[in-house]
Every structure is written in structure tokens, then in C-alpha cells.
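Visitor: So the protein lines, in turn, are chains A and B.
Sequential numbering of the first sequence, starting at 1, is according to our numbering.
Sequential numbering of the second sequence, starting at 1001, is according to our numbering.
Every residue gets a Cβ at the ideal spot worked out from N, C-alpha and C, and that includes glycine.
This is the structure I want to talk about, given as C-alpha cells.
2 protein chains.
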Amino acid sequence: MRQNARMNATSPDFSKGAAWQRGEYVPIAQASVTMTDWGFLRSDATYDVVTVWDGAFFRLDAHLERFLRSCARFRLDPGKSPREIIDILTHCVRLAGLRQSYVEMICTRGQPPWGSRDPRQAANQFFAFAVPYVWIADEEQRRRGLHVAVSDVQRIPAASVDPTAKNYHWNDLTMGLLGALDAGADTVLLTDAGGNVVEGPGFNVFALCGGTLVTPKDGVLEGITRRTVLELARVRGIVVAERTLSAAELRGASEAFLSSSGGGVLPVTRVDGQPVGSGVVGPVTTTLLQAYWDAHRDPRYSTPVEG
Amino acid sequence: MRQNARMNATSPDFSKGAAWQRGEYVPIAQASVTMTDWGFLRSDATYDVVTVWDGAFFRLDAHLERFLRSCARFRLDPGKSPREIIDILTHCVRLAGLRQSYVEMICTRGQPPWGSRDPRQAANQFFAFAVPYVWIADEEQRRRGLHVAVSDVQRIPAASVDPTAKNYHWNDLTMGLLGALDAGADTVLLTDAGGNVVEGPGFNVFALCGGTLVTPKDGVLEGITRRTVLELARVRGIVVAERTLSAAELRGASEAFLSSSGGGVLPVTRVDGQPVGSGVVGPVTTTLLQAYWDAHRDPRYSTPVEG
């Protein structure tokens, strides 16, 4: 009786999200990274995000596989088997009691013994958290379509940081986003040194150019949502092309949309203040948006959290 | 009496370093950043490092000025006056009881209200910590001179991230360092898209080429130690040039050294396995190394911690 009372008194509140850190589950507000972890002090980390929709992980295997590939690329070892990672992610979602969730797994360098600057001597750290589903566009933006600005801030090139391994090097995206917000746009697309559109903060981009659905190929994250859209388009007979996409082509496209785990297919109806095509959400975008959400009921893509 | 006993029982151990976070001083091992702070999840942060030597800050004003300039560049507000920042840094050093210290000040984005992705709505956070002095080269390396490898990993270009505002975008430096360590070198220098040497993890580079002391000008952090070396060289009549430095020029230099708050002037005696000049620490390097440490007794540069 007394023990129950104590347990209740100290019972943590996971309602805003749950995290796994240093061997224990904590409410998201208490989750932290050690200040001297190189994951913070050198952004020496990788991560991945999988979503839960209607109580099921969407494409969990693909996200887990990419996470482990990103770890290997940066020579980080989460020190967990895929099964252990899945168990931790699942437990975070259950603790938070979420049917719709944004679930992040993280591996940081940790820190080498004091005085050493050799990353190989560091004890790498694994973290995870589950929070309510994150939309990268609000309800009104999703209805009317996003207004996007093309920034002249250049996305960090692949010769510097491998964009296919997910990383927190977002200063370029953040500075571009600030400029776009100041200009009255909803979000931003960054360009490469050649003036081609590449990606934005947390999403890939698609444009319907002369009947072909184009998405940038080089210098971008190989988004799982991007891959899903390409698969869904192909089975519907939509011609797709992974190639460079100039800013001029995007502006002249008949339709455009973003793809992200934070909302799936997100229509774009204005670029740099000018309407894309007729300025309303187009039919190809609508078809793929619907197909994206329908795919969440496909057992090949869906893993129940309570599985 | 009882209160004293309690205070002793809970008295924190600052001997390994002290940090300031969320309004309180804590031992460095307890210092942390909230996991959902964009300073971690987007590396949306800036920082600066000032050293304490023999109980005095070295060029505190210059580091503080650069820190506030970096904050402004990234539109971050530490929410502290210069006087308040100095007081916090001073208190960290005192708590840790350090005569030689590496003192870091940090400003992170924090996070915007839940659901918002607008950086302008975030409550920025200020952190600081003081730990024992960090040498980026150990005693033997400093005596014999560092063995450096030139990496083909390109330093993140200025068109993507402003290198003059200090930031944690170090994946390029870390991956380059791992390659250099694997190859048996002590540390690494990264290049730009044109194959010119720019900087390494936490340091600038100097090379004596045909009697002129050359240091890269573009795409590098404007190090305070770099600036100090340039000043000390000029007053000694050494001809200096801030310009591009090709990898070939570095390899053909008669002397070379690194400059960093983590050790001052650090001689380089091998590049990619080949000796620089005669392969021993040269006279210009020795002169400037000595001048750097002498400058610590110059009251124009020195601010006693107990001031």
C-alpha cells in the first residue's frame, strides 16, 4: 500500500512523449544528451525517423536498414541488434500511449577518454524517443498547398558530408528557412552549386515537368517517403525520372509536392510567390497523396506496434 | 551543524569541470542538453572557446566579441549581457578550481512551441563549461612535431555554412580525421573544391613558403590564435600572407604549424608521410611558439580569473 502510494507519487508522465537514454525510459521533457558527447559538440551523430500511424509503424524495416547503414557510414555502433532497437522504439510508443507518433532513433559518438581526440576510442551512445506525430505543414498549408521559396544558400555538398547518411548538419537548411519565412513563404528549398534544386529541411521535392514526375537524384537524402512515392507512381503508370531539377524547371512545373515522413505527400502551389501550374493542388499530387495514405493499410509496409 | 552536514552530503564534485545550464551550476558529468533542443537535433548552435592559463583568461574580449558575432550571424540570442557571460565563465572556472582551463560558451536554438517549425519562435539557450585545458596534440607530438595527412574530404564550403561563425558542423572534419588516423597520421587537414588546404579539426594552418608565412584566407574559421600568430609575426618582421595555400605548397614548405586555442602554436614536421623542410621543428615556428606563450603575460591579452 505504501509502496503503491510512493510509486504513484513518483510515476513519470509520459503523455508528451517517451525517450530511451542511458539504459532507462524517461518522459521526453527529461531526455537529454550529455553536454560533452561529441554528438552535440561536433554533431557527430546519425539518426532516423519512423512514423506510427493508426497504431502501426510504417516501413519500419526500411528505416531500420537505413539507420544501420548511416551508422556504418559514419563508423558509429549503436551497440544494439535490430531486434533490440525495435523493442526500444516499440516500448517508447507504448509508454507514450500514441496511435500516431514520430519515432526517432539516434546514435552519437559519445566521447573518447579524457584528453584523447581519437573518435575510434569513444563509447558510442544509442538514444530513441517517441512523440506525437509531427506534420511539417499545418492543416491549412496542406489544404491550400505550401508556398515555397528557393534559396541561394547551397545545400552542404556530398563531397563534404554524405547526404545519404542522415545527419544533423542543418545550418544551411535553417538559415535558408529563416530567409524564406522572412519573405513570407512557408518553407524553403536549397540549391546546389549548379543552381539545381535539391532538398529542404526534412523533405525531398517532386515536380511534374511535361508529364514526367522529376525528383532530384544527387546531393539529397534518399528519403523513404521519396522511395515510396516513386514506387506508388510507377505502379500507377506515372513516368518518373530521378535527375537534376533546375529552379527554372520547378517554377515552370504543372504540379509540385514535397515528400517527408512528417506528412507524406505535401502539395506545393507557389514557388517564390508565383503559382505552380494553375496554383491549386493538381490531380497527380492528389492521386499520390491518397496512395501514400492507402499504403499505410498495406501489410507489406505496416508493422503493428502491439505486434 | 545539521545543515552543514547536509550540505556536505550533497556537495557536488566540480573537480573534473563545472558547467552552467538552465540557470544552475553543475559538475561537468551532469551537464546536458535537452534532447529535443534544436542545438542537438539540428546542430542549430554556435559556440566559442577561451582558455585560461596561469589563472588568467587569454584574449577574453576577442573570444566574447566573436561569440556574439556568431550568435548574430545565426540569429541566436544568448539572452545574457557580455558582463553576465563573463561572470558565468569566471564562476565555472572558480568552481572547477582550475589554473589552466578550456572554457566553452554555447548558444543553442532551443525549441519552438510544440508543432511549430519556425526557428524564430524558439527560446534560445545559453550554456557554458570549464574543464581542464585541452591540448590538441600530446606532449610527444608537440616535441617531435605533428604528422599531418591532407584529406580529400572537402571542408563544408562557405556557400553552405559560414565558417567565420563557429559551429559544430564537423562531420567532414571527423571523417577526414578517421581516415588520417587509420593512415597513421596524428591529425588531418581538409581541402576546398580547388584542392587548397583550408583547416583541420579545431585549428588553422600556417606554412613558411619561400620566406613568407602563408595561412589560408577563405573558407576558414578566423581563429583568435591565428590572429595572434599573425600579429606576433608582423611585429617580428616576418612577412605574412593570407591567401590560398595549395596542398603542393604545404608539402614543399620549409616549416609548417597549426594554430589553436587547444595548444597555441603546434609544429608540423610531416605531411602525408614526407618530412616538411628538414623534418624537425624550424626556427620561425619556435620563435612564434615562444612568442605565443610570452603573450600570455601581456596585460593587453590577459584577464585574471580572480579579477
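List the residues of chain A whose Cβ lies closer than 8 Å to the Cβ of Ser1032(B), in chain order.
Guide: Ser32, Val33, Thr34, Met35
Visitor: Which class does Phe14(A) belong to by DSSP, given the choice of helix, strand or coil?
Guide: In the structure shown, Phe14(A) sits in coil (DSSP, three-state: anything other than H, G, I, E or B).
Visitor: Looking at the secondary structure, which residues open and close the beta strand (DSSP E) in which His1147(B) lies?
Guide: 1146 to 1154
Visitor: Identify every run of the beta strand (DSSP E) within the stretch 65 to 120 of chain A, keeping only runs that are complete inside it and at least 3 residues long; order them along the chain.
Guide: 101 to 108
Visitor: Just the Cα atoms here: how many angstroms apart are Ile1136(B) and Leu230(A)?
Guide: When rounded, the separation of the alpha-carbon atoms in Ile1136(B) and Leu230(A) is 47 Å.
Visitor: Name the residues in the stretch 80 to 98 of chain A whose C-beta lies less than 8 Å from a C-beta of chain B; which are they?
Guide: none
Visitor: Quick check: is the beta carbon of Leu1181(B) nearer than 9 Å to any beta carbon in chain A?
Guide: yes
Visitor: Beta-carbon within less than 7 Å of Pro304(A)'s beta-carbon, same chain only, minus the 5 sequence neighbours each way: which residues are those?
Guide: Gly55, Ala56
Visitor: So is Thr1187(B) in contact with chain A if we call contact Cβ pairs under 9 Å?
Guide: Output row for Thr1187(B): interface = yes.
Visitor: Looking only at its own chain, which residues have a Cβ that is under 7 Å from the Cβ of Arg1243(B), when we skip the five neighbours before and after it?
Guide: Val1214, Lys1217
Visitor: Starting from Val198(A), find everything on chain B with Cβ-Cβ shorter than 7 Å and list it in chain order.
Guide: Those within 7 Å of Val198(A) in chain B number zero; the least Cβ separation is about 11 Å.
Visitor: Could one say the Cβ of Ile1136(B) lies closer than 9 Å to chain A's Cβ atoms, at least one of them?
Guide: yes
Visitor: Let me see if you follow: with CB-CB separation under 9 Å, is Ala5(A) close to chain B or not?
Guide: Residue placement at Ala5(A) is poorly supported in this model, since its pLDDT is 42, which falls under 50; the coordinates still yield a value, given next. Not an interface residue.
Visitor: Relative to chain A, which residues along the stretch 1270 to 1296 of chain B have a C-beta separation below 7 Å, given in chain order?
Guide: none
Visitor: So is His1169(B) in contact with chain A if we call contact Cβ pairs under 9 Å?
Guide: Interface residue, yes.
Visitor: Does Ala5(A) come out as helix, strand or coil in the three-state DSSP assignment?
Guide: Residue placement at Ala5(A) is poorly supported in this model, since its pLDDT is 42, which falls under 50; the coordinates are not used for a value here.
Visitor: Relative to the alpha-carbon of Tyr25(A), which residue among Thr34(A), Arg94(A), Ile156(A) has its alpha-carbon at the smallest distance?
Guide: Arg94(A)
Visitor: Please determine, among Asp1186(B), Lys1166(B), Leu1189(B), Ile1156(B), the residue with the shortest C-alpha to C-alpha distance to Asp192(A).
Guide: Ile1156(B)
Visitor: Does DSSP put Pro1283(B) in a helix, a strand or coil?
Guide: helix
Visitor: State the Cα-Cα distance for the pair Glu222(A) and Ser1070(B), rounded to the nearest angstrom.
Guide: 32 Å
Visitor: Does the Cβ-Cβ distance between Ala149(A) and Ala96(A) come in under 9 Å?
Guide: In this structure, the beta-carbon distance from Ala149(A) to Ala96(A) does not fall below 9 Å.
Visitor: Alpha carbon to alpha carbon, what distance is there between Pro113(A) and Ile224(A)?
Guide: 37 Å
Visitor: Counting only C-beta atoms, is Trp1053(B) closer than 9 Å to chain A at any point?
Guide: no
Visitor: Report the residue from Gly1194(B), Val1276(B), Tyr1292(B), Pro1201(B) whose alpha carbon sits nearest the alpha carbon of Arg1234(B).
Guide: Tyr1292(B)
Visitor: Got a sec, what are the start and stop residues for the beta strand (DSSP E) Ala56(A) sits in?
Guide: 56 to 58
Visitor: Suppose you measure from the CA of Thr286(A) to the CA of Gly237(A); what does that come to, to the nearest Å?
Guide: Between the alpha carbons of Thr286(A) and Gly237(A) lies a distance of about 15 Å.
Visitor: What three-state label does DSSP hand Leu221(A) in the structure shown?
Guide: coil
Visitor: Can you have a look at Arg2(A) and say buried or exposed, based on whether 16 or more other CB atoms are within 10 angstroms of its CB?
Guide: Only weak support exists for where Arg2(A) lies, its pLDDT of 41 falling under 50; the value from the coordinates is given anyway. So Arg2(A) ends up on the exposed side.
Visitor: Which two residues bound the contiguous beta strand (DSSP E) that contains Arg22(A)?
Guide: Per DSSP, Arg22(A) belongs to no beta strand (DSSP E) and is neither H nor E.
Visitor: Within 10 Å of its beta-carbon, does Pro299(A) have 16 or more other beta-carbons around it, so buried, or fewer, so exposed?
Guide: exposed
Visitor: Please confirm whether Val1220(B) and Ala1256(B) have their CB atoms less than 9 Å apart.
Guide: no
Visitor: Smallest Cα separation from Val1271(B): which of Ala1247(B), Asn1167(B), Arg1073(B)?
Guide: Ala1247(B)
Visitor: Please compile the residues from chain D whose C-beta is within a distance smaller than 8 Å of the C-beta of Val1153(B).
Guide: Among the protein chains in the structure shown, which are A and B, there is no chain D.
Visitor: Closer than 9 Å, CB to CB, is Asp118(A) near chain B or not?
Guide: At least one CB atom of chain B sits nearer than 9 Å to the CB of Asp118(A).
Visitor: Which residue marks the beginning of the beta strand (DSSP E) containing Asn1204(B), and which one marks its end?
Guide: 1204 to 1209
Visitor: Closer than 6 Å by C-beta to Val1360(B): which residues in its own chain qualify, once you throw out the five before and the five after it? Chain order, please.
Guide: Residue 1360(B) lies beyond the range of chain B shown here (1001 to 1307); nothing can be said about it.
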